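So that you can map any letter, position 57 of the sequence shown is 57 in the numbering used here, and since no number is skipped, the others follow by simple counting. In this text, a Cβ means the ideal position worked out from N, Cα and C, and glycines have one as well. Being a predicted model, the structure only gives us computed values, none of them experimental.
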Amino acid sequence: MIEFNAVTEATAPGKIILFGEHAVVYGRPAIAAPISQLRAKATITYSSSNNCYIVAPDLNRHDRLQDLPPDDALALAARQVLDAAHIAQPPDVTIYVSSQIPIASGMGSGAAIAAAIIRALAKHLRRADLQTNEMVSALTYEVEKIHHGTPSGIDNTVVAYEQPIWFVRQSPQNQIEPFTVATPLRFVVADTGVRSSTKVAVGDVRGQYEAQPAQFTEIFDACGRIAQTARAAIEAGDVVQVGQLMTENHAWLQQMTVSSPELDRLVAAALNAGALGAKLSGAGRGGNMIALVANDEMETAVRAALHQAGAKSILTTILT
Ligand code: PMV
Numbered sequence: 001m002i003e004f005n006a007v008t009e010a011t012a013p014g015k016i017i018l019f020g021e022h023a024v025v026y027g028r029p030a031i032a033a034p035i036s037q038l039r040a041k042a043t044i045t046y047s048s049s050n051n052c053y054i055v056a057p058d059l060n061r062h063d064r065l066q067d068l069p070p071d072d073a074l075a076l077a078a079r080q081v082l083d084a085a086h087i088a089q090p091p092d093v094t095i096y097v098s099s100q101i102p103i104a105s106g107m108g109s110g111a112a113i114a115a116a117i118i119r120a121l122a123k124h125l126r127r128a129d130l131q132t133n134e135m136v137s138a139l140t141y142e143v144e145k146i147h148h149g150t151p152s153g154i155d156n157t158v159v160a161y162e163q164p165i166w167f168v169r170q171s172p173q174n175q176i177e178p179f180t181v182a183t184p185l186r187f188v189v190a191d192t193g194v195r196s197s198t199k200v201a202v203g204d205v206r207g208q209y210e211a212q213p214a215q216f217t218e219i220f221d222a223c224g225r226i227a228q229t230a231r232a233a234i235e236a237g238d239v240v241q242v243g244q245l246m247t248e249n250h251a252w253l254q255q256m257t258v259s260s261p262e263l264d265r266l267v268a269a270a271l272n273a274g275a276l277g278a279k280l281s282g283a284g285r286g287g288n289m290i291a292l293v294a295n296d297e298m299e300t301a302v303r304a305a306l307h308q309a310g311a312k313s314i315l316t317t318i319l320t
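Shown next, in the form of structure tokens:
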């Protein structure tokens, strides 16, 4: 007989990509960090209905697992765990899902929701082997394929490990390295309010790469070099250089056509207000941008400028 925990809960954070989005899909290094104050949560309780339900009030969802199609992200997260645990008959539980992370905004909301469901269900089943960061990341990756098409693996990694990571997509195993942040980095994160599909942006970049391989290889190489230099600057505590590299990275993302008028407006506003650097973060075409600030005064000025330039929400996160 399998024993279960009565009520189980797990959470996972949102994330920002500091350097290397899109180029990371093509094997160039990238740097990402969790945003621990924005989280997705999954809570599992017993259900007397002889069924496994997935309930997500924010998404207007209340479904039986067995009724959901194979490409449903919430269902796939649960099924990944059941399959890995070799459980054919889902347990009689309700999986409640909620999230503070805005969707389709480059903050890894899909990965965080999947990771929370996976961790909570693995905990409920008392399967310690399915709760390791490595396993949660691997199972979340399978769900990410629905959102991304060809995900690099960076989102699932950063939300599962919940620490700043250096990431290189490679086989047989991705390179995943935590690294030291010598001087805390303070980022203002601002949302354009424009929702954008990661899958579409990633697909468009692929199309352009296939049409102009030499030009896009150069762009990806430049982003890879920036990430490499940025890691050294972060480890050395050279905050000014980190900022300059962010702004350079944004220019290359513009070349990839993944920026947008709204993102460019917020980036320009942050820089004009004195930010050390600014760039879009994530898949682009909408979603969030990040600006690096050095102190309270700069933060206040940059937040005011972003607000003025139309940011729909603004938060500050400190990377230590
Ligand atoms: O989920 P987002 O919007 O943060 O985008 C992920 C980053 C990409 O590099 C654009 C895609 C990927 O799989 O790495």
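When the beta-carbon positions are compared, ASN288 and VAL189 come within less than 8 Å of each other. If you keep only unbroken beta strand (DSSP E) runs of at least 3 residues inside the region 175 to 223, you get 175 to 178, 185 to 191. If one requires a minimum length of 4 residues, the alpha helix (DSSP H) runs lying completely within the region 44 to 114 are 73 to 84, in chain order. By the CB criterion at 8 Å, PRO34 and LYS15 fall inside the cutoff. Relative to LYS145, the option among ASN174, ASP191, VAL202, ALA122 whose CA is nearest is VAL202.
In this structure SER36 touches PRO13 by the C-beta definition: roughly 5 Å separates them, less than 8 Å.
Here DSSP, grouped into helix, strand and coil, assigns ALA273 to coil.
For PRO13, the pairing in a beta bridge is given by DSSP as ARG39. Between ALA85 and ARG39, the C-beta gap is not smaller than 8 Å, which leaves the two residues out of contact.
With a threshold of 16 other beta carbon atoms within 10 Å, VAL200 falls short and is exposed. Scanning its chain for C-beta atoms nearer than 7 Å, with the 5 sequence neighbours on each side dropped, one finds around ARG231 the residues ILE31, TRP166, PHE179, in chain order. The straight-line gap separating the alpha-carbon atoms of ALA115 and LEU266 is approximately 30 Å. At a Cβ-Cβ threshold of 8 Å, ALA122 and LEU130 count as neighbours. Membership of LEU315 in the beta strand (DSSP E) is indicated by the continuous run 313 to 319.
When distances are taken from the beta-carbon of GLY193 to the heavy atoms of the ligand PMV, even the shortest one reaches 7 Å or more.
GLU162 has its CB no nearer than 7 Å to any heavy atom of the ligand PMV. Rounded to whole angstroms, the separation of the alpha carbons of ALA273 and ALA77 is 42 Å. By a beta-carbon distance limit of 8 Å, LEU276 contacts GLY243. Their separation comes to about 3 Å. Counting other Cβ atoms within 10 Å of its Cβ, THR192 reaches 16 or more and is therefore classed as buried. Sorting THR198, THR257, ILE101 by C-alpha distance to the C-alpha of SER152 places THR198 at the top. Residue ranges of uninterrupted beta strand (DSSP E) with 3 or more members, entirely inside the region 273 to 301 and ordered along the chain, are 277 to 281, 288 to 293.
Nearest to ILE44 by C-alpha distance, out of THR11, GLU142, ALA269, is THR11. In this structure, DSSP gives PRO29 a state outside helix and strand, which the three-state scheme calls coil.
Within the model, the alpha-carbon separation for THR247 versus PRO213 is close to 24 Å. If you draw a 10 Å sphere on the C-beta of HIS62, you find fewer than 16 other C-beta atoms in it, and that means exposed. Straight across, the Cα-Cα distance linking THR150 with SER196 is about 16 Å.
Beta-bridge pairing by DSSP links PRO34 to LYS15. Setting aside the 5 residues that flank it on each side, LEU139 is surrounded in the same chain by GLN80, ILE118, each with a C-beta closer than 6 Å to its C-beta; the list follows chain order.
For VAL242, the enclosing alpha helix (DSSP H) has its first and last residue at 239 to 255.
In the structure shown, the three-state DSSP call for THR132 is coil. Take the alpha-carbon of ILE103 and the one of TYR209: they are about 27 Å apart. Taking non-hydrogen atoms of the ligand PMV into account, the C-beta of ASP221 is found less than 7 Å away from none of them.
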